[in-house]
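Residue numbers (the numbering used here): 259 to 531.
As structure tokens, the structure follows; a few thoughts come after it.
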Ligand SMILES: Nc1ncnc2c1ncn2[C@@H]1O[C@H](COP(=O)(O)OP(=O)(O)OP(=O)(O)O)[C@@H](O)[C@H]1O
Ligand SMILES: [Mg+2]
């Protein structure tokens, strides 16, 4: 972060470099401890990845951060505010957006309409009156439509804006999802396995898009199994196994971390190094 000596007297107070702080978070489902004592931070402007084997607790962690689940222990602070246990819509309003592990697009809606749905917390009118184009919402509708087109352009599918979202190629549907999440103008974007189902070419394109979105000022927390993508885009990586954090470091250190190699990349690799 730059020093703030150059701020004018009227400039807003400098924001903390830490956008998300997860402290000793636990989540229990009946007899199953899905997360225990997980702590890490995300700095503004970072791309941070959370990796780990199937069932390690990655999606549960995202659900606790985004307010889809309440953690059973610990504390989560986003942009200086305590958010654990708060409902998802409140957390979204604070500037946090997410995509889901499985694509969730509505059929019968064009790509641009899908992105406008994502935008509705930003509008006074809400989405349905806008869709009906009541006179008092027309200006808001035009602004939403313009911004949705800009976001589709950002994710490089503006040419498909009027096509039905569910009719697009899988990689393009992922891009629509990204644009829809960005429509809430988030400071922090949580992506749960964005490369799932994509081919190598589409995954490389996605990596480029993720960096492009970060360069627009959006901090990114990413759950991903595709290691080439994770290693290429991440500034830092947190590793979970059986709900516990076993490492939190730069990609180069994670690649050489014996416990990570053992649990994630396989025992054979660990013995071979
Ligand atoms: N709502 C739930 N109720 C009960 N158990 C759950 C629930 N959600 C997740 N679990 C369990 O918690 C553990 C962690 O699941 P989670 O989905 O967070 O893993 P993950 O790391 O995202 O796995 P994957 O890589 O397969 O997506 C698993 O044992 C799972 O079965
Ligand atoms: Mg998951």
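We treat Cβ as the ideally placed atom computed from N, Cα and C, and that holds for glycine.
Let me know the secondary structure DSSP gives residue i once reduced to three states.
i	result
residue 328	coil
residue 468	helix
residue 282	strand
residue 451	coil
residue 507	strand
residue 518	helix
residue 375	helix
residue 481	strand
residue 260	Confidence at residue 260 is low in this model, with a pLDDT of 41, below 50, so the placement of that residue should be treated as unreliable; the coordinate-derived value is given next. DSSP places residue 260 in coil when its eight states are reduced to three.
residue 530	For residue 530, the predicted structure reports a pLDDT of 40, less than 50, and the residue's modelled location is therefore unreliable. The matter cannot be settled from this model.
residue 267	Residue placement at residue 267 is poorly supported in this model, since its pLDDT is 44, which falls under 50; the coordinates still yield a value, given next. Three-state DSSP puts residue 267 in coil, outside helix and strand.
residue 513	helix
residue 525	Because residue 525 carries a pLDDT of 44, less than 50, the predicted location of this residue cannot be relied on, and the following value inherits that uncertainty. Three-state result, residue 525: helix.
residue 273	coil
Assuming contact is defined by CB atoms lying nearer than 9 Å, are residue i and residue j in contact in what I supplied?
i	j	result
residue 284	residue 300	no
residue 369	residue 437	yes
residue 334	residue 293	no
residue 423	residue 407	no
residue 445	residue 476	yes
residue 478	residue 431	no
residue 481	residue 309	yes
residue 441	residue 405	yes
residue 499	residue 314	yes
residue 447	residue 354	yes
residue 325	residue 347	yes
residue 276	residue 302	yes
residue 364	residue 357	no
residue 495	residue 484	no
residue 450	residue 320	yes
residue 472	residue 323	no
residue 453	residue 460	yes
residue 433	residue 401	no
residue 298	residue 470	no
residue 428	residue 465	no
residue 505	residue 512	yes
residue 374	residue 403	yes
residue 488	residue 509	yes
residue 337	residue 273	yes
residue 352	residue 341	yes
Name the DSSP bridge partner or partners of residue i?
i	result
residue 499	502
residue 291	286
residue 442	Residue 442 is not bridged to any residue.
residue 490	None; residue 490 has no bridge partner.
residue 461	According to DSSP, which records beta bridges pairwise, residue 461 is partnered with nothing at all.
What runs of the alpha helix (DSSP H), each 4 residues or longer, lie entirely inside the segment 294-370?
316-324 and 346-351
Report the start-end ranges of each beta strand (DSSP E) in the segment 393-439 that is 3 residues or longer and not cut off at the edges.
none
Could you please go through the chain and list the residues whose beta-carbon is closer than 6 Å to any non-hydrogen atom of ligand 1?
287, 290, 292, 310, 312, 313, 314, 315, 316, 317, 318 and 359
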